[in-house]
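According to the working numbering, the sequence shown is numbered sequentially starting from 2.
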Amino acid sequence: MKYYIATSIKRAKELNLIRDALNEFGHKITYDWTIHGSVKNTSLERLKEVGEDMIDAIKEADFIVVLLPGGKGTHTELGASIAYNKRIFLHTLDPELIQLGEKTCAFYFHRLIKHVESPFEEAAKFIDQHLKIV
2 MKYYIATSIK
12 RAKELNLIRD
22 ALNEFGHKIT
32 YDWTIHGSVK
42 NTSLERLKEV
52 GEDMIDAIKE
62 ADFIVVLLPG
72 GKGTHTELGA
82 SIAYNKRIFL
92 HTLDPELIQL
102 GEKTCAFYFH
112 RLIKHVESPF
122 EEAAKFIDQH
132 LKIV
């Protein structure tokens with residue numbers, strides 16, 4: 002299956018670990034933005050191009066992985082994923098983000114979202130197993 006990963010550029014190392022593990026399970030990433038890194042200081046044209054590429058990659062994906070905490074664009078990617086009716090797997094390093102309180106967000110509990118209830122090292126296996134459940 003094809004997938005997209007949304008998170009902060011600061012978490013590129015973790016993105017790469019999840020990407021590599023999902024690829025080992027036979028899945029394929031639709032767009033790996035870690036290859037070019039941040040484009041914030043390139044040009045307005047490049048920002049537009051990358052933004053459109055990311056939305057196209059979300060549309061093309063069968064499922065989305067969201068790693069929290071994320072960056073500025075992570076919630077835009079999450080919203081687009083919900084709008085395109087994608088299966089979403091949400092993993093967080095901060096459990097307070099998915100508990101009642103000031104840190105959470107109603108969208109984290111949307112019907113399309115499955116919380117990845119495993120240590121980070123086992124997240125790809127958790128996702129792969131849950132993809133087999135219809």
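Backbone N, C-alpha and C fix where the C-beta goes; we use that ideal spot for every residue, glycine too.
query, result
"According to DSSP, residues forming a beta bridge with Lys3", "Lys29"
"C-beta neighbour in chain E for Thr105, strict 7 Å", "Looking at the structure shown, chain E is missing, and only one protein chain is on hand."
"Backbone secondary structure at Thr8 - three-state DSSP", "coil"
"Buried versus exposed call for His1 [16 or more other C-beta atoms within 10 Å across all chains shown]", "For the chain, the structure presents residues 2 to 135; residue 1 sits outside this window and is missing."
"Same chain, Cβ closer than 6 Å to Gln86, neighbours up to 5 away in sequence not counted", "Note on identity: in this sequence residue 86 is Asn, with Gln being the wrong assignment. For Asn86, where only same-chain residues beyond five positions count, there are no Cβ hits under 6 Å."
"Nearest-angstrom Cβ-Cβ length linking Asp95 and Pro70, presumed shorter than 8 Å", "6 Å"
"Beta strand (DSSP E) runs wholly inside the stretch 18–95, at least 3 long, in chain order", "64–69, 88–93"
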